[in-house]
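A short worksheet on the structure shown next.
Residue numbers (the working numbering), protein chains in the order written: chain H, 181 to 637; chain W, 472 to 766.
And the structure:
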């Protein structure tokens with residue numbers, strides 16, 4: 181509580197410092213060229229000298245204060261006779277902590293009630309102490325900054341250096357995120373591979389993580405049916421839908437449609453890409469899946485399941501259409517106009533030009549676009565969670581229920597399992613495989629696109 | 472080739488065949504578009520047909536319930552709002568600052584290339600991977616409260632930031648060098664030029680990209696499933712650390728209910744979500760058309 185107030189006070193002081201320094205710098209101004217920096221920069225310089233050291237002090241105090249408070253509480257007479265078992269002790273201290281923060285809460289342990297008063301006193305004592313320290317740092321920083329206001333002081337240089345530092349830190353966040361993803365996936369997957377051999381995981385064909393008891397744990401974590409389901413749904417069925425539809429719409433829109441049609445149809449196609457995947461998933465489960473089940477029954481399948489690879493793959497393909505379409509659009513647009521003009525001038529019809537000249541020339545770009553589309557399809561989660569099913573089948577029957585990597589990740593991590601069982605950890609191993617595969621697809625595709633653009637420039 | 476060759480029956484036949492092929496090809500293209508848009512129309516019509524009857528004030532202001540007739544979306548919508556707030560406050564400044572650095576200040580060095588590669592890849596990493604990151608880092612390592620808007624917002628912010636960086640860089644790149652040179656010419660420093668002249672001119676483009684990124688984050692379910700944002704919320708969350716749900720998650724949870732009455736709720740919640748998304752995309756398009764300057 182007190183420390184929050186101090187934080188506000190520090191920012192208030194910073195504001196005051198900004199005006200004070202600017203005012204002082206203005207008094208020093210004696211005409212053109214008399215000062216290195218504008219008064220505003222002197223203001224910022226002083227404000228930063230007040231706020232930054234005080235913030236650092238505040239953070240440090242925030243980190244050490246709980247330890248100091250607990251130390252005082254344990255030293256107080258009320259803490260005598262507490263249980264020595266660290267687990268019980270922890271529970272009591274946590275309870276006392278809650279009650280100290282919120283007087284309306286009721287104590288469960290009588291010991292906790294005894295500790296509340298010392299707790300509160302210690303918190304107030306150390307809170308005040310911290311407030312004083314932070315304010316002293318703020319004033320010290322401010323005083324130091326204030327003495328530096330002189331006409332020849334390079335306030336702007338210093339302020340800009342800090343701005344650059346902040347900009348750099350922001351762009352490093354991207355690297356940090358990538359590093360965080362790799363580190364957390366590798367670490368947790370490493371724990372998983374302590375129990376299950378990677379070879380069994382990558383080549384086994386039996387997936388039933390629910391029955392992990394016993395010695396043959398390796399036999400229950402064979403992920404091949406998952407990989408197959410992912411490829412079958414995301415890279416085969418979805419692409420059979422998305423590539424022809426996406427490519428043909430791109431061709432029609434760029435080669436045949438009038439400007440007005442293009443202006444209206446393109447944003448409408450893009451709406452398809454903007455619909456949340458959970459909506460597609462619901463649509464697949466509610467409408468498409470029963471339709472496909474009835475269709476399967478009508479062609480003589482026995483007991484077709486509602487959850488089919490076909491339903492998930494079809495809907496996923498529709499979701500990917502605008503993606504393929506816009507990639508193909510870019511690829512076609514990158515082909516020099518002279519090539520198609522040449523073909524048309526020789527007497528080829530438009531469709532002949534497209535098939536014989538434009539498409540071959542744009543092929544690398546289109547292939548790269550399809551790779552990106554596949555990477556997106558295999559990482560797609562909600563559609564398969566809602567429409568594809570949980571059974572790990574290694575079959576080529578599109579009407580069968582199939583499961584995917586993403587489905588199993590969700591399955592392993594929702595619900596209440598303990599965190600460090602091989603079952604939950606297997607989700608991270610699957611995530612690692614997914615991450616590596618999509619990474620390779622993306623890097624290769626982006627490189628192909630870049631080469632392809634350069635070739636025609 | 473003499474003129475009479477073109478009139479020979481064989482040539483006429485061949486020409487007619489080619490023209491028929493041309494027509495066929497054009498028709499296939501048109502059919503592809505009609506089929507795609509037809510699917511969109513079918514989806515919207517089914518959702519409207521199922522959900523429109525359930526849209527009333529009680530539904531919009533209520534929270535989740537085990538009884539379909541009293542369940543509403545406000546609890547989930549408020550969770551979405553809080554989550555989006557965290558996402559926006561983190562990803563927008565960070566994304567813009569990173570875009571400025573990479574476009575205006577970054578030295579041409581090897582490690583900058585690494586930053587660029589990693590941003591481009593992050594934009595294409597499956598969203599569920601970000602969920603795994605959130606689970607491992609924010610919840611297991613930092614012990615942040617599970618299923619809270621804070622953790623959800625942090626996770627989605629990491630996912631949205633690359634999108635903002637990429638669109639921000641494009642917007643900054645589109646500002647012509649003459650603007651910068653004019654500012655240098657009257658004595659502005661590089662930082663002054665960037666913040667006083669380049670950034671304001673690039674801002675509409677950056678905002679467009681931000682809104683599109685936020686719309687994507689608003690519709691995202693998978694990463695939030697990982698960090699357990701599937702709380703059964705009877706009262707709307709009142710803080711960033713309270714357990715909460717979000718709109719897409721509410722749709723997912725209701726779609727799992729066996730009770731047929733929830734079909735209407737699910738579809739109605741989908742309508743609410745789609746209205747939000749369309750509004751956001753509409754604003755983005757409006758901004759782009761209104762403020763975009765062609766240099």
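C-beta atoms are modelled at their ideal positions from N, C-alpha and C, and glycine is treated no differently.
- Close to residue 585(W), with beta-carbon spacing below 7 Å, are these residues of chain H in chain order: 355.
- Pairwise C-beta distances place the region 352 to 359 of chain H out of contact with the region 662 to 678 of chain W, as fewer than three of them are shorter than 8 Å.
- In terms of CA proximity to residue 280(H), 299(H) leads the group 269(H), 299(H) and 272(H).
- Put simply, the CB of residue 493(W) is near chain H, with a gap under 7 Å to one of its CB atoms.
- When DSSP reads this structure, residue 387(H) sits in a beta bridge with 401(H).
- Close partners of residue 496(W) in chain H (Cβ separation under 7 Å): 531.
- For the pair residue 227(H) and residue 185(H), the CB atoms are not nearer than the 7 Å cut-off.
- A direct Cα-to-Cα measurement between residue 479(W) and residue 531(H) gives close to 24 Å.
- For residue 326(H), the enclosing alpha helix (DSSP H) covers residues 290 to 327.
- Under the Cβ criterion of 7 Å, residue 602(H) is not counted among the residues facing chain W.
- Cβ contact annotation for residue 631(H) (same chain, cutoff 8 Å, sequence separation greater than five): 544, in chain order.
- Judged by DSSP in its simplified three-state form, residue 487(H) adopts coil rather than helix or strand.
- Judged by DSSP in its simplified three-state form, residue 535(H) adopts helix.
- Burial is judged here by how many other beta carbons sit within 10 angstroms of a residue's own beta carbon; residue 483(H) has fewer than 16 and is exposed.
- The beta carbon of residue 535(W) lies closer than 8 Å to those of 542, 543, 546, 547, 703, 704, 705, 716, 721 and 724 in the same chain, with the five residues before and after it left out.
- Less than 7 Å separates the beta-carbon of residue 369(H) from that of residue 612(H).
- CA-CA distance, residue 627(W) to residue 203(H), rounds to 43 Å.
- Rounded to whole angstroms, the gap between the alpha carbons of residue 574(H) and residue 604(W) is 30 Å.
- Taking 7 Å as the cut-off, the beta carbon of residue 436(H) is found no closer than this to the beta carbon of residue 516(H).
- What residue 655(W) touches in chain H, judged by beta-carbon distance under 9 Å, is nothing: the nearest beta carbon there is about 14 Å away.
- Of the candidates 698(W), 718(W), 494(W) and 665(W), 718(W) places its Cα closest to the Cα of residue 533(W).
- Residue 405(H) and residue 753(W) have their C-alpha atoms roughly 42 Å apart.
- According to the DSSP assignment, residue 462(H) belongs to the alpha helix (DSSP H) that extends over 457 to 463.
- Residues 521, 522, 524 and 525 of the same chain have their beta carbon placed closer than 7 Å to that of residue 735(W), with the five preceding and five following residues left out of the count.
- Counting only Cβ-Cβ distances below 8 Å, residue 757(W) has no contacts in chain H at all, with the closest Cβ about 12 Å away.
- Residues of the region 568 to 597 of chain H whose Cβ lies closer than 8 Å to any Cβ of chain W, in chain order: 586, 589, 590, 593 and 594.
- Contacts with chain W (Cβ-Cβ distance below 8 Å) from the region 609 to 631 of chain H involve 611, 614, 615, 618, 619, 622, 623 and 626, listed in chain order.
- Boundaries of the alpha helix (DSSP H) harbouring residue 338(H): 335 to 375, taken from the DSSP string.
- In this structure, the straight-line span from the alpha carbon of residue 269(H) to that of residue 587(H) is close to 41 Å.
- For residue 631(H), the uninterrupted alpha helix (DSSP H) run begins and ends at 602 to 635, by DSSP.
- By the CB criterion at 7 Å, residue 618(H) and residue 555(H) fall inside the cutoff.
- Taking each of 290(H), 565(H) and 326(H) in turn and checking the Cα distance to residue 599(W), the smallest one comes out for 565(H).
- When rounded, the separation of the alpha-carbon atoms in residue 657(W) and residue 448(H) is 47 Å.
- By the C-beta criterion, the region 488 to 508 of chain H is judged to be in contact with the region 442 to 458 of chain H, since at least 3 inter-stretch pairs fall below 8 Å.
- Exclusion of the five residues before and after residue 672(W) leaves 646, 650 and 764 as the residues of its chain whose Cβ lies within less than 8 Å of its Cβ.
- Every alpha helix (DSSP H) of 4 residues or more that sits fully in the region 194 to 268 of chain H is shown, in chain order, as 219 to 255.
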